[in-house]
Amino acid sequence: MKIKLGFIGSFPIQTKIVKEVATLFEDEIELFIDYGILEDAIPKAKRFVSKGAEVIVALGGTAKMLEKEIDIPVISIKIGILDLIKAIENAKKFGNNIGLTTEVPINGLEIIEKLYDIKIKQIIFSNKNDFIYGITSAINEGT
Numbered sequence: 005m006k007i008k009l010g011f012i013g014s015f016p017i018q019t020k021i022v023k024e025v026a027t028l029f030e031d032e033i034e035l036f037i038d039y040g041i042l043e044d045a046i047p048k049a050k051r052f053v054s055k056g057a058e059v060i061v062a063l064g065g066t067a068k069m070l071e072k073e074i075d076i077p078v079i080s081i082k083i084g085i086l087d088l089i090k091a092i093e094n095a096k097k098f099g100n101n102i103g104l105t106t107e108v109p110i111n112g113l114e115i116i117e118k119l120y121d122i123k124i125k126q127i128i129f130s131n132k133n134d135f136i137y138g139i140t141s142a143i144n145e146g147t
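First residue of the sequence shown? That's 5 in the numbering used here, and the numbers climb one at a time after it.
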């Protein structure tokens, strides 16, 4: 019997990677996959539930929102410090002013700023409107 798993990615590359990995487990997993962030993910997760999904996997803020909206387990993918450092190294290729989206303020970023000679603007959000406003403001400010 296959496990029915839903995955909601925040970025298209995530869904691509999950699809590739899922082919290795196609005998064990029936995968429902889509892209969506925050409240945009809710109808997608509900659709997965109606198709029989037993668990949903999503990133941080999206996972937190889904936990309140659906009646099956939600597994949150956590972003670790090494993920953050790798993202900063990639972002630095485009400039020294870097925007960082997060649900809660991250303490100690001044150490990373000093090590990488960059300036990080934290874009704190709790819903899609905050997210879009924060990104737009950061772009307008040259971040």
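All residues carry an ideal CB built from backbone N, CA and C; glycine is no exception. For clarity, every value in this text was computed on a predicted model and none was experimentally measured.
Between ALA49 and LEU70, the gap from beta carbon to beta carbon is short of 7 Å.
For ILE115, the enclosing alpha helix (DSSP H) begins and ends at 113-120.
Residues of the same chain with a CB within less than 6 Å of the CB of PHE135, apart from the 5 flanking positions on each side, are PHE129 in chain order. Linking ILE17 to ALA45 through their CA atoms gives a straight-line distance of about 16 Å. Under a 10 Å Cβ-count criterion, LEU42 is classified as buried, with 16 or more other Cβ atoms of the shown protein chains found around its own Cβ.
For ILE12, the enclosing beta strand (DSSP E) begins and ends at 7-13. Proximity of the region 31-40 to the region 70-83 falls short of the contact definition, fewer than three beta-carbon pairs being nearer than 8 Å.
CA-CA distance, THR106 to LYS6, rounds to 34 Å. DSSP, reduced to helix, strand and coil, places ILE83 outside both helices and strands of the structure shown, so it counts as coil. Around the beta carbon of VAL108, a 10 Å sphere encloses fewer than 16 other beta carbons of the protein chains shown; the residue is thus reported as exposed. Its chain contains SER80, ILE81, LYS82, ILE83 and GLU107 as the residues whose beta carbon lies nearer than 8 Å to that of GLY64, once the 5 sequence neighbours on both sides are disregarded; these appear in chain order.
Inclusion of PHE29 and GLY10 in the CB contact set at 7 Å is not warranted, their separation being larger than that value. The DSSP-derived three-state label of LYS48 is helix.
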